[in-house]
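Counting in the numbering used here, the sequence shown runs without a single skipped number right up to 562 at its last residue.
All residues carry an ideal CB built from backbone N, CA and C; glycine is no exception.
Notes for the one structure printed next.
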Amino acid sequence: MSYHNPFTPPRKSAIFDDYTLAEIRRAAATGIYDIRGAGTKRKVPHFDDLLFLGASISRYPLEGYREKCDTSVVLGTRFAKKPIHLKTPITIAGMSFGALSGNAKEALGRGATLAGTSTTTGDGGMTDEERGHSQTLVYQYLPSRYGMNPKDLRRADAIEVVVGQGAKPGGGGMLLGQKISDRVANMRNLPKGIDQRSACRHPDWTGPDDLEIKILELREITDWEKPIYVKVGGARPYYDTALAVKAGADVVVLDGMQGGTAATQDVFIENVGMPTLACIRPAVQALQDLGMHRKVQLIISGGIRSGADVAKALALGADAVAIGTAALVAIGDNDPKWEEEYQKLGTTAGAYDDWHEGKDPAGITTQDPELAARLDPVAAGRRLANYLKVMTLEAQTIARACGKNKLTNLEPEDLCALTMEAAAMAQVPLAGTSWYPGKGAF
Numbered sequence: 121m122s123y124h125n126p127f128t129p130p131r132k133s134a135i136f137d138d139y140t141l142a143e144i145r146r147a148a149a150t151g152i153y154d155i156r157g158a159g160t161k162r163k164v165p166h167f168d169d170l171l172f173l174g175a176s177i178s179r180y181p182l183e184g185y186r187e188k189c190d191t192s193v194v195l196g197t198r199f200a201k202k203p204i205h206l207k208t209p210i211t212i213a214g215m216s217f218g219a220l221s222g223n224a225k226e227a228l229g230r231g232a233t234l235a236g237t238s239t240t241t242g243d244g245g246m247t248d249e250e251r252g253h254s255q256t257l258v259y260q261y262l263p264s265r266y267g268m269n270p271k272d273l274r275r276a277d278a279i280e281v282v283v284g285q286g287a288k289p290g291g292g293g294m295l296l297g298q299k300i301s302d303r304v305a306n307m308r309n310l311p312k313g314i315d316q317r318s319a320c321r322h323p324d325w326t327g328p329d330d331l332e333i334k335i336l337e338l339r340e341i342t343d344w345e346k347p348i349y350v351k352v353g354g355a356r357p358y359y360d361t362a363l364a365v366k367a368g369a370d371v372v373v374l375d376g377m378q379g380g381t382a383a384t385q386d387v388f389i390e391n392v393g394m395p396t397l398a399c400i401r402p403a404v405q406a407l408q409d410l411g412m413h414r415k416v417q418l419i420i421s422g423g424i425r426s427g428a429d430v431a432k433a434l435a436l437g438a439d440a441v442a443i444g445t446a447a448l449v450a451i452g453d454n455d456p457k458w459e460e461e462y463q464k465l466g467t468t469a470g471a472y473d474d475w476h477e478g479k480d481p482a483g484i485t486t487q488d489p490e491l492a493a494r495l496d497p498v499a500a501g502r503r504l505a506n507y508l509k510v511m512t513l514e515a516q517t518i519a520r521a522c523g524k525n526k527l528t529n530l531e532p533e534d535l536c537a538l539t540m541e542a543a544a545m546a547q548v549p550l551a552g553t554s555w556y557p558g559k560g561a562f
């Protein structure tokens with residue numbers, strides 16, 4: 121005879137929670153895996169687990185109105201004849217036309233230009249609108265080669281060779297047929313309305329030696345003018361950074377698992393890769409071991425939201441950061457004003473991630489002409505510029521408080537960690553101690 125204690129409420133499993141149970145039932149009913157956009161939704165150690173140690177007696181702060189704090193950054197100083205000069209170290213990450221609407225890509229270009237920074241193309245090539253409204257445009261060279269041509273390589277200000285992405289290191293891209301309009305299909309030289317799967321690796325190399333050959337080819341095509349970036353997903357950051365440098369990269373872009381994607385398997389997003397916080401210090405160590413720190417620039421992406429995140433990434437050794445999801449939010453993604461329409465799609469503002477379906481009420485992750493027309497690229501560009509300005513000022517405020525006259529002068533010594541995990545990953549002391557896991561005795 122079973123007995124239930126009426127004073128004790130039923131207890132659900134922490135492992136088999138409501139979401140997990142629903143996913144099991146969905147998989148059993150449909151026989152297909154879940155696809156979605158955005159980045160990981162699980163909680164992992166992040167920049168929130170770090171704090172800055174502002175100046176007091178042992179450090180001297182900068183006077184805000186009298187002493188300058190430089191926010192500029194130069195990218196591509198190693199080999200390129202024409203390195204990129206930016207007013208802020210916050211850049212816009214690669215997001216394709218196809219995943220995003222033409223108006224969204226234009227808005228990103230407009231906002232980046234107003235803020236004095238760069239934006240990046242993505243899988244599928246370069247649009248005239250994007251090039252026309254981006255003062256500084258980085259051209260992504262991806263495994264798919266969709267839309268790639270020598271003319272656009274030369275029109276770009278830098279080239280980013282994409283080896284991996286933080287949301288899916290080791291995995292290829294995905295653009296479903298409902299977003300393959302006539303224009304998208306024409307740019308990619310593929311049929312309209314047919315699902316497009318990008319390869320998980322470049323077709324013409326099998327290792328880092330072939331990457332070196334490819335970088336030399338790109339330099340010859342562009343007369344050694346353009347900086348060459350190499351982008352990797354956060355998986356083995358020490359070795360990937362070292363091999364990218366050996367192959368001849370001017371800049372390494374490192375994308376942690378909080379980085380977003382337009383569409384891939386949910387199981388991939390949540391279970392492959394490493395947190396951004398865990399990626400930075402090994403990459404910096406690789407650059408230092410090779411004597412290339414600050415000579416080869418390091419751009420960090422994946423979950424950057426505020427000026428504090430920017431400052432923490434720079435303090436850990438990065439030269440700049442890239443934002444993707446935050447930029448989309450700034451121009452109108454997941455805006456509560458579309459809540460009624462999000463509800464009709466079975467979701468809510470702030471949780472909408474079915475970007476691959478092409479039904480975005482905000483007109484950002486869609487190729488539907490009526491939905492795309494909802495986004496005013498001029499107004500959205502201004503919102504993005506405002507956001508970038510605020511982030512830069514926030515980072516600058518923190519740097520001043522730490523006594524730094526340039527953002528990249530921030531250093532690990534300016535930080536402490538709130539948790540053991542963050543202390544170990546960032547290799548900065550646990551708050552109130554001089555120790556972090558792996559350092560030795562207290």
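In this chain, E345 is not harboured by any beta strand (DSSP E), its DSSP state being neither H nor E. Annotated three-state conformation of D409 is helix, per DSSP.
By the C-beta criterion, the stretch 125 to 132 is judged not to be in contact with the stretch 431 to 449, since fewer than 3 inter-stretch pairs fall below 8 Å. A straight line joining the alpha-carbon of L465 with that of G478 spans about 11 Å. Ranked by how close their Cα comes to the Cα of A175, the residues P557, I314 and I518 have I518 in first place.
M394 sits in coil when the DSSP states are folded into three classes, being neither helix nor strand. In the DSSP assignment, L513 falls outside any beta strand (DSSP E) and lies within the alpha helix (DSSP H) extending over P497 to A521. In this structure, the alpha-carbon of I210 lies about 19 Å from that of K188.
Going by C-alpha positions, S192 is about 29 Å away from A543.
Fully enclosed beta strand (DSSP E) runs of no fewer than 3 residues occupy 170 to 172, 193 to 195, 204 to 206 and 210 to 212 of the stretch 158 to 214, in order along the chain.
Taking 7 Å as the cut-off, the beta carbon of T241 is found closer than this to the beta carbon of Y259. Bounds of any beta strand (DSSP E) do not take in D453, whose DSSP letter is neither H nor E.
A distance below 6 Å between beta-carbons, with the five flanking residues on each side excluded, links R321 to the following residues of its chain, in chain order: P263. Bounds of the beta strand (DSSP E) holding Y259 are L257 to Y261. Every alpha helix (DSSP H) stretch that sits fully inside the stretch 307 to 353 and reaches 4 residues is listed by chain position as 328 to 341. Note that the C-beta distance between T160 and M377 is below 7 Å. Judged by pairs of C-beta atoms under 8 Å, the stretch 378 to 394 does not touch the stretch 221 to 228, as fewer than three such pairs exist.
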